[in-house]
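Reviewing the structure listed below.
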Amino acid sequence: MQSNSATPTPAVPATTRRARSRLRWTIIAFSGAGLAIAYLDRSSLSVASTYMQDELGFDQTTKGILLSSFFWTYAIFQLPSGWLLDKFGPRLVYPIAVVWWSLWTAATALAQGFTSLLVARLGLGMGEAPVQPANIKVVSAWFPRRERALASSLFDTGQQVGVALSVPVVAALIAGFGWRVMFVVIGAVGLIWVIGWLKIYRAPQEHPRISQAELDYIEGGDAAVPETGERVSWLSLLRYSTVWGLVLGYICRSATGAFFLTWYPSYLVEDRGFSILELGVFGSIPALLGVGATIAGGAFSDWLVRRGVPISRARKIPIITGMLLASTIALTTFVDGNVAVMVLLSVSNCAHSFAGAAILSLPAEVAPAPSVIGSIAGFQNFGSQIGGIISPILIGFFLTLSGNSYTGPMLFAGAMAILGTLIYGFVVRIRPLNETVPAESRG
Numbered sequence: 223m224q225s226n227s228a229t230p231t232p233a234v235p236a237t238t239r240r241a242r243s244r245l246r247w248t249i250i251a252f253s254g255a256g257l258a259i260a261y262l263d264r265s266s267l268s269v270a271s272t273y274m275q276d277e278l279g280f281d282q283t284t285k286g287i288l289l290s291s292f293f294w295t296y297a298i299f300q301l302p303s304g305w306l307l308d309k310f311g312p313r314l315v316y317p318i319a320v321v322w323w324s325l326w327t328a329a330t331a332l333a334q335g336f337t338s339l340l341v342a343r344l345g346l347g348m349g350e351a352p353v354q355p356a357n358i359k360v361v362s363a364w365f366p367r368r369e370r371a372l373a374s375s376l377f378d379t380g381q382q383v384g385v386a387l388s389v390p391v392v393a394a395l396i397a398g399f400g401w402r403v404m405f406v407v408i409g410a411v412g413l414i415w416v417i418g419w420l421k422i423y424r425a426p427q428e429h430p431r432i433s434q435a436e437l438d439y440i441e442g443g444d445a446a447v448p449e450t451g452e453r454v455s456w457l458s459l460l461r462y463s464t465v466w467g468l469v470l471g472y473i474c475r476s477a478t479g480a481f482f483l484t485w486y487p488s489y490l491v492e493d494r495g496f497s498i499l500e501l502g503v504f505g506s507i508p509a510l511l512g513v514g515a516t517i518a519g520g521a522f523s524d525w526l527v528r529r530g531v532p533i534s535r536a537r538k539i540p541i542i543t544g545m546l547l548a549s550t551i552a553l554t555t556f557v558d559g560n561v562a563v564m565v566l567l568s569v570s571n572c573a574h575s576f577a578g579a580a581i582l583s584l585p586a587e588v589a590p591a592p593s594v595i596g597s598i599a600g601f602q603n604f605g606s607q608i609g610g611i612i613s614p615i616l617i618g619f620f621l622t623l624s625g626n627s628y629t630g631p632m633l634f635a636g637a638m639a640i641l642g643t644l645i646y647g648f649v650v651r652i653r654p655l656n657e658t659v660p661a662e663s664r665g
């Protein structure tokens with residue numbers, strides 16, 4: 223079966239297939255574990271905040287600012303993170319980032335009020351900024367195009383695993399030891415991951431454990447975007463409407479998904495009356511189901527590629543379908559029973575996750591050269607964090623104005639999912655940027 227790149231994918235002999243190692247799947251498992259730890263750390267405040275408010279004395283509006291503050295530095299440092307990854311690679315940049323954010327997670331235990339808690343969240347956001355661009359860079363180096371969305375879906379399951387674990391793990395640690403000990407314990411987990419990453423990760427061409435057959439398979443399957451011979455500057459990427467579409471589309475997707483990372487535990491406890499035990503047992507259901515949806519979205523997109531569907535359509539079908547169905551979060555305002563609410567939240571989160579892998583594969587699909595894949599991923603993930611900044615603050619503001627009614631927040635999240643559907647459908651063009659016309663050059 224031929225791929226949809228400019229040249230056919232070389233056939234892989236049966237003998238080569240039998241001899242081929244599968245080291246790339248171990249690499250992507252470590253990438254997913256790193257993302258899971260990142261999401262466990264960033265989600266911890268969302269779960270713990272309800273139990274910290276009385277001790278530290280902050281209201282709903284202040285809580286919204288604290289939940290948003292992580293994304294401030296996370297967004298700003300997306301741009302230099304992409305550049306650093308293109309220059310130094312994920313073997314060096316990724317573990318440094320994990321050490322940094324793990325220390326700030328543990329330091330949250332020392333918080334005495336709003337200011338100290340804000341500083342800890344800003345430090346955490348700074349450290350986690352390289353995680354998604356690093357994973358995208360790993361996929362572009364280790365996987366051919368026909369496996370790229372599936373590989374992206376596998377590391378992106380770390381997002382759902384981290385969020386799912388945050389509810390029972392954080393709740394259990396708080397119940398047993400208090401919230402301060404909880405932050406120290408989960409901060410230590412990242413330091414263990416760093417040891418494993420430094421032992422396992424190398425570029426494919428430098429790895430001592432990769433077989434020649436696997437290396438040939440990766441390189442023969444269009445693993446990397448070919449060099450054009452033309453130097454591509456970082457800022458010149460912003461001349462293309464597709465890059466802006468990646469930014470704006472991710473703003474919308476993140477504004478919907480940020481609810482699950484920030485206000486979701488508070489919603490279940492404060493609005494739906496869940497106890498801490500019920501939160502721990504049932505609260506992780508949408509995220510756990512999202513793991514399967516993430517993998518299904520990536521596998522489906524790659525299946526379309528192998529079936530000969532043009533790459534643009536193969537990536538856009540799961541993106542548009544997922545984003546549109548994610549808007550079902552708005553329907554929670556029209557149902558009363560907690561079972562119906564959990565069903566709708568699960569559908570929304572699964573649909574949101576279904577779109578994720580195809581979106582994460584886009585930087586490698588549109589990059590005109592390998593040297594800017596990390597930079598494009600940084601721009602894209604910058605948009606994600608803008609959505610993460612806006613969403614929790616607006617939700618806190620809506621709650622304060624409405625007397626803690628979640629109607630406004632849910633309608634807002636649904637509307638952003640619909641807007642994102644339109645942007646990915648009509649603005650983003652999935653082809654190398656050097657095959658498109660810069661925005662300012664159009665008639």
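Just so you know, we're using our numbering here: the sequence shown kicks off at 223 and counts up by one. Every residue, glycine too, gets a C-beta built ideally from N, C-alpha and C. Quick caveat: nothing in here was measured; it's all calculated off a predicted structure.
| query | result |
| --- | --- |
| Touch test, the segment 499-517 against the segment 593-608, Cβ-Cβ under 8 Å, three pairs minimum | no |
| Close beta carbons around Ser476, own chain, < 6 Å, minus the five adjacent residues each side | Ser606, Gly609, Gly610 |
| Coarse secondary structure for Ile608, derived from DSSP in three states | helix |
| Cβ pair Ala579, Ala371 closer than 7 Å | yes |
| Inter-stretch contact (C-beta, 8 Å, three-pair minimum) for the segment 549-561 and the segment 388-401 | no |
| Close beta carbons around Glu587, own chain, < 6 Å, minus the five adjacent residues each side | Ile652 |
| Continuous alpha helix (DSSP H) stretch holding Phe310: start and end | 300-310 |
| Classification of Ala599 by the beta-carbon crowding that lies within 10 angstroms, buried from 16 upward | buried |
| Stretch pair the segment 259-266 + the segment 403-421: three plus CB contacts closer than 8 Å | yes |
| Inter-residue Cα distance where the pair is Ala386 and Leu546 | 23 Å |
| Rounded Cβ spacing between Gly286 and Phe619 (contact assumed at less than 8 Å) | 7 Å |
| Beta-carbon separation (whole angstroms), Ile440 vs Trp364, contact threshold 8 Å | 6 Å |
| Met348 versus Leu457 - alpha carbon distance | 22 Å |
| Top-ranked residue by Cα proximity to Leu346, from Thr484, Trp322, Gly418, Cys474 | Trp322 |
| Rounded straight-line distance, which links the Cα of Ile417 to that of Phe252 | 11 Å |
| Cβ neighbours of Val383 in the same chain (closer than 7 Å, five flanking residues each side left out) | Ala258, Val513 |
| Stretch-stretch touch, CB-based, cutoff 8 Å, three pairs: the segment 290-307 with the segment 350-370 | yes |
| Exposed unless 16 or more other CB atoms sit within 10 angstroms - verdict on Thr464 | buried |
| Opening and closing residue of the alpha helix (DSSP H) in which Arg367 lies | 367-399 |
| Under the three-state DSSP convention, the category Trp466 falls into | helix |
| Bounding residues of the alpha helix (DSSP H) (the contiguous stretch that carries Trp686) | This structure cannot speak to residue 686, because the chain is shown only from 223 to 665. |
| Distance, Val407 Cα to Leu499 Cα | 20 Å |
| Backbone secondary structure at His574 - three-state DSSP | helix |
| Pro654 versus Pro366: straight-line alpha-carbon distance, rounded | 16 Å |
| Same chain only: Cβ atoms within 6 Å of Gly331, ignoring 5 sequence neighbours per side | Sequence check: residue 331 is Ala here, not Gly. Same-chain partners within the cutoff: Arg402, Phe405, Val406. |
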